[in-house]
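For reference, the structure discussed in these notes is given below.
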Amino acid sequence: MEWKKNDVFQVTITDMGSDGEGIGKIDGYTIFVKDAVIGDVVTAKIMKAKKNYAYARLEKVETPSPFRIQPKCKFARSCGGCQLQALAYEKQLQFKNRKVKNNLMRIGGFSEALLNEITEEPVGMEEPFHYRNKAQFPFGYDKEGNVITGFYAGRTHSIISNTDCALGVPENKQILEMILSFMKEENIPAYREETGTGLLRHALIRKGFFTGQIMVCLVINGEKLPAAEKLTDRLKTIEGMTSISVCINKERTNVIMGTDIRLLWGKERIEDKIGNLTFSISPLSFFQVNPVQTQRIYSQALQYASLTGNETVWDLYCGIGTISLFLAQQAKQVYGVEIIPQAIEDAVANAEKNGIKNAEFFVGRAEEVLPQKYESEGIYADVIVVDPPRKGCDEQCLATMLKMQPKRIVYVSCDSATLARDATFLCENGYELKKVRAFDNFPQSGHVETVCLLSRK
Ligand code: SAH
């Protein structure tokens, strides 16, 4: 049978794709159905048909899966923020664990027997909602012309009006509603992407989970926020409010933040803790968004590194140095490498703030800094930790790591497909995959983090 657009059919969902979409098969033809859950029998409609597979829209759940639950948020389906809310949490975790295993098998060629032996229990969250310490809310208009804020619908820039996201902190709602009523009273226009006009673009809200300190930064398409004091007078009544600023961004771009921050009230930075370390965070700082799971990942990385206090450790892709500073407490010397100069400024300041003297940081690409240091200074490593972005490690970086011959490599990954590729390369060149563990840093989404230990044979 030839499949075509608008065909309506019934199918049982038997698998899940890498973004959490349901997968069903009819006579060997694969159909991806967003919002359908493993075990559902659904009626769906083809939106786009290819030779071997198609994308379909869920029309009706005929027989719900035993794993299907009522989403907590009424916008779960339309909003681009969550993909898995209709799936029971323990199944989400199972799915993510399997995704890591499948990638290591299919892409990496590791055997199922080995993976069964070395994979540790996945680490999920006790409370898989309200875990995000940061959110950026766009402002815009509804059909009636009222100012709204919320989240983008999946793959578009149309805003779903919602001040009460189930992943964020409860204070978001109060803060956003204060901003919306202030905008109405003072006639402050929201930014319009189509024309580049209007003023208020985004509100960045951050909360230190450990300290309770809150930061609000309003991104504006102009130099000044009119009647700013009226707004700050209200916002500062919220418990924990520590920093209120504007960020100037007059570019016509999808990049949310500009570079020019002007403080309106309070302090320039908030603080938060991960484990026993304190971090100072500006509106432009990178900081992990799920502090509970982040601490667990870092502890795992530290455990796999099994340091005694005599080791020299390199932390590649170190961001603001969070992992480096964790490691430094148990190593002789740590070196961090990161491409973004401001992140390294934060790393140096955070080392000082925590009295850590055995961590040194370099700005640059890992694949350039590491070979340079190796060729010119013959640097050494007992342990190398890497935490690259989704595209994984550059081959030049991996090749230098091999030359350095560290005893252990701890690979922290946010994309198990590139992890599988890189781990295979290391294992073809003298290393052995010893441990694998999945961490759920982003419940309700299809993402999964992995921490691996590789040892030199
Ligand atoms: N380890 C940190 C950050 C990990 S995110 C933490 O746990 O917080 C990955 C980091 O790699 C980002 O900070 C990004 O800026 C950086 N990065 C991306 N490409 C890089 C490269 N080629 N060399 C060095 N760092 C890079």
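Residues 56 to 512, numbered by the numbering used here, are exactly what the sequence shown covers, in order.
Backbone N, C-alpha and C fix where the C-beta goes; we use that ideal spot for every residue, glycine too.
Because the structure is a prediction, the values reported are computed rather than measured.
Coil, strand or helix - residue i by DSSP
i: Glu249; result: coil
i: Ser340; result: coil
i: Gln138; result: coil
i: Thr218; result: coil
i: Thr297; result: strand
i: Leu509; result: strand
i: Asp90; result: coil
i: Ala190; result: strand
i: Arg261; result: strand
i: Met233; result: helix
i: Met270; result: strand
i: Thr211; result: coil
i: Val503; result: coil
i: Arg153; result: helix
i: Ile173; result: helix
i: Arg161; result: helix
i: Thr204; result: strand
i: Arg132; result: coil
i: Arg123; result: strand
i: Asn409; result: coil
i: Val224; result: coil
i: Arg289; result: helix
i: Leu280; result: coil
i: Pro183; result: coil
i: Ala143; result: coil
i: Ala310; result: Note on identity: in this sequence residue 310 is Val, with Ala being the wrong assignment. The answer is coil: DSSP assigns Val310 none of H, G, I, E or B.
i: Gln385; result: coil
For residue i, the residue or residues it bridges with in DSSP
i: Gln65; result: Thr98
i: Trp58; result: None; Trp58 has no bridge partner.
i: Pro513; result: Since the first and last residues shown for the chain are 56 and 512, residue 513 lies out of range.
i: Ala168; result: Answer by DSSP bridge pairing: none, since Ala168 is not bridged.
i: Glu415; result: Tyr390
i: Met71; result: Gly77
i: Ala109; result: Ile86 and Ala104
i: Leu255; result: Ala245 and Ile275
i: Ile305; result: The sequence shown places Lys at residue 305, not Ile. According to DSSP, Lys305 bridges with nothing at all.
i: Arg115; result: What sits at residue 115 in the sequence shown is Lys, not Arg. Partner(s): Thr98.
i: Val178; result: Phe494
i: Gly195; result: Ile203
Along the chain, which unbroken stretches of the beta strand (DSSP E) at least 3 residues long are found entirely within the region 312–382? 315–321, 325–329, 332–336 and 367–371
Using a Cβ distance threshold of 8 Å, determine whether the region 179–188 contacts the region 83–92, with at least three qualifying pairs required. no
Under 8 Å: do the region 96–115 and the region 464–475 share three or more Cβ pairs, one atom per stretch? no
Would you call the region 340–350 in contact with the region 423–431, where contact means no fewer than 3 C-beta pairs closer than 8 Å? In short, these stretches do not touch, since the Cβ pair count stays below three.
Okay, do the region 287–296 and the region 360–374 touch, 3+ Cβ pairs below 8 Å being the bar? no
Which whole runs of the alpha helix (DSSP H) in the region 432–495 are 4 residues long or more, in chain order? 450–459 and 471–482
Taking 8 Å as the cut-off, does the region 148–165 touch the region 192–200 (at least 3 CB pairs, one atom from each stretch)? The region 192–200, when compared against the region 148–165, does not touch it at the 8 Å Cβ threshold.
Below 8 Å, can you find three or more Cβ-Cβ pairs linking the region 405–419 to the region 430–446? Counting Cβ pairs under 8 Å, fewer than three are found: no touch.
Inter-stretch contact at 8 Å, needing at least 3 Cβ pairs: the region 274–288 / the region 316–330: Between the region 274–288 and the region 316–330 there are three or more C-beta pairs closer than 8 Å, enough to call the two in contact.
Would the region 164–173 and the region 130–138 be scored as touching if the rule is three or more Cβ pairs under 8 Å? no
Using 8 Å as the Cβ pair cut-off and three pairs as the minimum, do the region 487–499 and the region 56–74 touch? no
Does the region 440–447 come close enough to the region 469–487 that 3 or more CB-CB pairs lie under 8 Å? Yes, the region 469–487 is in contact with the region 440–447.
Do the region 206–213 and the region 135–155 touch if we need at least three Cβ pairs shorter than 8 Å? yes
On the three-pair Cβ rule with 8 Å, is the region 222–229 touching the region 139–152? No, they do not touch.
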